[in-house]
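Written below as structure tokens is the structure these notes are about.
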Amino acid sequence: MRSVISFWLIFIILTIFSIYGKSALLASEAFHAFFDALVVTISIYAIKKLDNINSVYTYGMHRMEILFSLLNILIVIIGAIIGIIISILFIILRIEDNPFIVIIASSIATIFGLIASSEEEKDEIKKSVKLHAILDTLSYILGIIAGLAIFFTKYYILDPISSLGILGIIVLKNSSQIKSYIDVLMEKSPIDTYNIEKLLTPIFPTVHHIHVWSICPHIKVATLHITEDPNTTLLEMDKKRKYIEKLLSENFNINHVTVQFETKKTD
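In terms of the UniProt record's numbering, the sequence shown has 84 at position 84, counting the first letter as 1, and numbering is strictly consecutive.
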């Protein structure tokens, strides 16, 4: 809740100061802050639904972590693009800002950004929110530096140029995370199954059909088949299952393992 309030306060403060100070930097940061506040508000609501396990969502709704993290990134990129357009317009129209206003607004935003980034993160959504707050705080600090540079040099074009630089960094930083989230949605194996086979084969030579996927970054699921002698007792197989679960948990951090035992073909 603290992060939600902080993001909305940052948006309000930057919006007011961007109008009063005629700053492309503050205007682009205000747009960015609005989208941040919106997606953080939705994300915090989603966190409450993650552990809703029922007969339909048998693993809970942890995949929402990925969906909202992706939404978070995409919204930030859209906000950054809008900010870039604003900055270019300021350059074309030769609008001069008030550097003193830029310094004050960026300083206040930095304080609230630090408050938003100080919350503990226990899941992917909160990690994404915290990363957002940290990146935003860094951009506000750069805003302070830009304001000081304009104040002392009187080069007012530094305002929209600084805005373009900060927004470019934000886009590049967020774009790099998209692939990892898409990999989870596409059920790409987070672990090379050859390494699992290499670990298990010396102990269970008949292991095959190994599959691993992620529900979300902190929940990994594995299924595998093992061919057994038909005379093997259920108790013996259960001991082997528990040992396999222990091996995969300790070596690959796999949370949920399903082992399917099959009997050897007999004539």
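All C-beta atoms, glycine included, are put in the ideal place defined by N, C-alpha and C. Fair warning: this is a prediction, and the values are worked out from it, not measured in the lab.
Inset, instruction - Return yes when the Cβ of A146 is within less than 8 Å of the Cβ of L25, no when it is not. - result: Numbered from its first residue, the sequence shown carries residue 25 at position 25. Numbered from its first residue, the sequence shown carries residue 146 at position 146. In this structure, L25 lies near A146, with their beta-carbon atoms less than 8 Å apart.
Inset, instruction - Determine the direct distance from the alpha carbon of S189 to that of K107, and round the result to whole angstroms. - result: One-based indexing of the sequence shown puts residue 107 at position 107. One-based indexing of the sequence shown puts residue 189 at position 189. Going by the sequence as given, residue 107 is Ser instead of Lys. Straight through space, the alpha carbons of S189 and S107 are spaced by roughly 44 Å.
Legend entry - DSSP three-state assignment for K48, whether helix, strand or coil: As a position in the sequence shown, residue 48 is number 48, starting the count at 1. DSSP places K48 in coil when its eight states are reduced to three.
Legend entry - Local Cβ density within 10 Å of I66, reported as buried at 16 or more and exposed below that: Position 66 of the sequence shown, counted from the first residue, corresponds to residue 66. The residue in question, I66, is buried, as its Cβ has 16 or more Cβ neighbours within 10 Å.
Inset, instruction - Say whether chain D places a C-beta atom closer than 8 Å to the C-beta of G83. - result: No chain D is present in this structure, which holds just one protein chain.
Legend entry - Beta-carbon proximity list for V207, same chain, < 8 Å, skipping 5 on both sides: Counted from its first residue, the sequence shown places residue 207 at position 207. Within the same chain, Cβ atoms closer than 8 Å to the Cβ of V207 are found at E197, L200, T201, L224, H225 and I226, the five residues on either side in sequence being excluded.
Legend entry - Exposed unless 16 or more other CB atoms sit within 10 angstroms - verdict on Y20: By one-based count along the sequence shown, residue 20 stands at place 20. Exposed, by the Cβ-count rule.
Inset, instruction - Select from F151, V212, L131 and V184 the residue whose C-alpha is nearest the C-alpha of I170. - result: As a first step, residue 170 is located in the sequence shown; it is residue number 170 there, counting from the start. When only C-alpha atoms are compared, the closest one is L131.
Legend entry - C-alpha distance - S175 paired with D229, whole-angstrom precision: On the sequence shown, position 175 is the one that residue 175 refers to. On the sequence shown, position 229 is the one that residue 229 refers to. Rounded to whole angstroms, S175 and D229 show a C-alpha spacing of 51 Å.
Inset, instruction - Please work out which residues of its chain come closer than 7 Å, Cβ to Cβ, to L114, disregarding the five sequence neighbours upstream and downstream, and give them in chain order. - result: Here residue 114 refers to the residue found at position 114 of the sequence shown. Taking L114 as the centre and dropping the five residues before and after it, the same chain places the C-beta of T137 closer than 7 Å to its C-beta, in chain order.
Legend entry - Simplified DSSP state of I178, which is helix, strand or coil: In the sequence shown, the residue the question calls residue 178 occupies position 178. Residue state for I178 is assigned as helix, using DSSP reduced to three classes.
Inset, instruction - Please report how far the alpha carbon of V76 lies from the alpha carbon of V257, in whole angstroms. - result: Indexing the sequence shown from 1 puts residue 76 at position 76. Indexing the sequence shown from 1 puts residue 257 at position 257. Distance between the alpha carbons of V76 and V257 is about 36 Å.
Legend entry - Limits of the unbroken beta strand (DSSP E) element including F261: Here residue 261 refers to the residue found at position 261 of the sequence shown. First-last of the beta strand (DSSP E) with F261: H256 to T263.
Legend entry - Cα-Cα separation between I73 and S23, rounded to whole angstroms: By one-based count along the sequence shown, residue 73 stands at place 73. By one-based count along the sequence shown, residue 23 stands at place 23. Across the structure, I73 and S23 are spaced so that their CA atoms are roughly 25 Å apart.
Inset, instruction - Mind listing, in chain order, the continuous beta strand (DSSP E) runs of no fewer than 3 residues lying wholly within the stretch 179-235? - result: If we require 3 residues or more, the beta strand (DSSP E) runs fully inside the stretch 179-235 come out as 207-216 and 219-228.
Legend entry - Backbone CA spacing between K220 and F34 [nearest angstrom]: Indexing the sequence shown from 1 puts residue 220 at position 220. Indexing the sequence shown from 1 puts residue 34 at position 34. Spanning the two alpha carbons is a distance of roughly 34 Å.
Legend entry - the stretch 35-48 in contact with the stretch 91-110 per 3-pair CB rule at 8 Å: The stretch 35-48 is not in contact with the stretch 91-110.
Inset, instruction - Measure from the alpha carbon of H211 to the alpha carbon of each residue in D238, S163, S87 and Q260, then state which is nearest. - result: By 1-based counting over the sequence shown, the position of residue 211 is 211. Closest in C-alpha terms to H211, from the list D238, S163, S87 and Q260, comes Q260.
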